[in-house]
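Below: one structure, written as structure tokens.
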Amino acid sequence: MVEFKVVISDSDGISISQEIKDKSAQPLLGYKIGDIIDSSVFGFKDGKIKITGGSDKSGTPMRSDLHGGVKKYILMTKGVGIRNVEPGERKRKLVRGNLITEEIYQLNTQLIDAKLPEKEKEKEKTEDTQTNK
0 MVEFKVVISD SDGISISQEI KDKSAQPLLG YKIGDIIDSS VFGFKDGKIK
50 ITGGSDKSGT PMRSDLHGGV KKYILMTKGV GIRNVEPGER KRKLVRGNLI
100 TEEIYQLNTQ LIDAKLPEKE KEKEKTEDTQ TNK
């Protein structure tokens, strides 16, 4: 059973979250970070979607320069999965490769050449105002 939580952002900084399960999630397997796919997979009529990142079920981030769907400890100085290192310092951190597999839980995407529908934007704004009260 394949299940993804997909966060879709547009150029205005608005983002929405969708749960995709089973047959609708199958077409996403095998894509890599940086791939551009048709937005009809996520229920949008026009535009394209670029995969920008994600994480697995344990919260391990995906990294675009690690090929495959593997989980590895790599020596890092900067980038995804590491922060606040001194100049010249390197740390060994656990990250996941750039390939979307069944172990991936969250996918971060960006909507290209289109905007989020107005209904979705209004829905997000009302949810944000309700949580701030």
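Sequential numbering from 0 applies to the sequence shown in numbering that gives the first Met the number 0. The beta carbon of each residue, even a glycine, is placed where N, CA and C say it ideally should be. Because the structure is a prediction, the values reported are computed rather than measured.
Assign residue i to one of two classes, buried (16 or more other C-beta atoms within 10 Å of its C-beta) or exposed (fewer than that).
{"i": "S54", "result": "buried"}
{"i": "R95", "result": "buried"}
{"i": "T76", "result": "exposed"}
{"i": "S38", "result": "buried"}
Taking the alpha carbon of residue i as the reference point, which residue from the options has its own alpha carbon closest?
{"i": "L28", "options": "R62, N97, G80", "result": "N97"}
{"i": "Q25", "options": "K77, L65, V1", "result": "V1"}
{"i": "G67", "options": "I103, V40, G78", "result": "I103"}
{"i": "E88", "options": "L74, V79, E101", "result": "L74"}
{"i": "F3", "options": "S10, L115, G52, K71", "result": "G52"}
{"i": "K92", "options": "V5, K71, T100, I99", "result": "K71"}
{"i": "F43", "options": "K31, Q17, G58", "result": "Q17"}
CB-CB under 6 Å to residue i, same chain, minus the five flanking residues each way: which ones, in chain order?
{"i": "V79", "result": "P60, R62"}
{"i": "I19", "result": "F3, V5"}
{"i": "V40", "result": "P26"}
{"i": "I36", "result": "I48"}
Look at the alpha carbon of residue i and the alpha carbon of residue j, and state the distance between them as a whole number of angstroms.
{"i": "E85", "j": "K56", "result": "30 Å"}
{"i": "V69", "j": "I15", "result": "28 Å"}
Keeping to the same chain, check which residues put their C-beta closer than 8 Å to that of residue i; ignore five residues upstream and five downstream.
{"i": "L65", "result": "K71, I73, V94, R95, G96, N97"}
- Three or more beta-carbon pairs under 8 Å between the segment 101 to 109 and the segment 31 to 49, yes or no? yes
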